[in-house]
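Below is one structure, written out as structure tokens; comments come after it.
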Amino acid sequence: MEGASPATFRPTWQQGLGHGLYLGVLGAVASVTTGVMTALLWSGPPGWTWAALIVAPLLVGAVAGLLAGRRTGVEVGDRGIRTSSVFEEGLAPWSRVVDLRAERRGRRTVVSVYLDSGASVQLHAPYSGGLFAADPQFELKVCALSHLWRSHRFGGLPG
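For the sequence shown, our numbering assigns the number -15 to the initial residue and increments by one for each residue that follows.
Given below as structure tokens:
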């Protein structure tokens, strides 16, 4: 099956939105803190400015999270498992993968890939957690990943 299209796993839109809102809240805290410091040193800004200092970072964060979620993910193909995110990319060839399993890390369940060197790589997707991080199809995605790994590890994809 040389020409088979790779399986792709990406964060759900809710997970991307959750990441973005988290960053937006951090941005809103920073902008409101700057506004308070400015108000203490000089005259206070108009009332509508405070709403803009809160809402603008939240909107920017939400859009950025949704866009970054489209760039982040895992592609499983003939050559191995390719991970990509906004800041980095990596490839784990099938010959180096010795185990693949779902593990609890903090408040999330993630997929970890163990390599023959003893190192482990946490995949960017799929994962599942609470609230915005929940993925209702997480178990199906882990089963699909496990099936693909076992198929490549023990004799190729069934034809």
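From the three backbone atoms N, C-alpha and C, an ideal C-beta is built for every residue, glycine too. What you are looking at is a predicted structure, and each value in this text was computed from that prediction instead of being measured.
Beta-carbon within less than 7 Å of A35's beta-carbon, same chain only, minus the 5 sequence neighbours each way: which residues are those?
Mapped onto the sequence shown, residue 35 falls at position 51. So no residue of the chain qualifies.
Rounded to the nearest angstrom, how far is the Cβ of G61 from that of R91, given a contact under 8 Å?
Working through the sequence shown from its first residue, we reach residue 61 at position 77. Working through the sequence shown from its first residue, we reach residue 91 at position 107. Incorrect: roughly 31 Å between the Cβ atoms, too far for contact.
Taking all protein chains shown into account, decide if S27 is buried (16 or more other Cβ within 10 angstroms of its Cβ) or exposed.
In the sequence shown, counting from the first residue as 1, residue 27 sits at position 43. So S27 ends up on the exposed side.
Taking the DSSP output, what are the residues bridged to V60?
Here residue 60 is taken as the residue at index 76 of the sequence shown, counted from 1. BP columns for V60 point to A(-9) and I65.
Assuming V126 and A86 form a contact by the criterion Cβ under 8 Å, report the distance between their Cβ atoms to the nearest whole angstrom.
Position 142 of the sequence shown, counted from the first residue, corresponds to residue 126. Position 102 of the sequence shown, counted from the first residue, corresponds to residue 86. The Cβ separation is near 5 Å, so the contact holds.
For the region -10 to 34, which segments carrying the alpha helix (DSSP H) assignment without a break, of at least 4 residues, lie completely within its bounds, in sequence order?
-3 to 25
Please work out which residues of its chain come closer than 6 Å, Cβ to Cβ, to D100, disregarding the five sequence neighbours upstream and downstream, and give them in chain order.
What you label residue 100 is simply residue 116 of the sequence shown in a count that begins at 1. Answer for D100: R80 and V82, listed in chain order.
Span separating the alpha-carbon of L42 from that of V105:
Residue mapping note: residue 42 aligns to position 58 of the sequence shown, counting from 1. Residue mapping note: residue 105 aligns to position 121 of the sequence shown, counting from 1. Going from the Cα of L42 to the Cα of V105 covers about 31 Å.
For P77, which three-state DSSP category applies?
As a first step, residue 77 is located in the sequence shown; it is residue number 93 there, counting from the start. Reduced to three states, the DSSP call for P77 is strand.
Buried or exposed: G102, going by 16 or more other Cβ atoms within 10 Å of its Cβ?
On the sequence shown, position 118 is the one that residue 102 refers to. With fewer than 16 other Cβ atoms within 10 Å, it is exposed.
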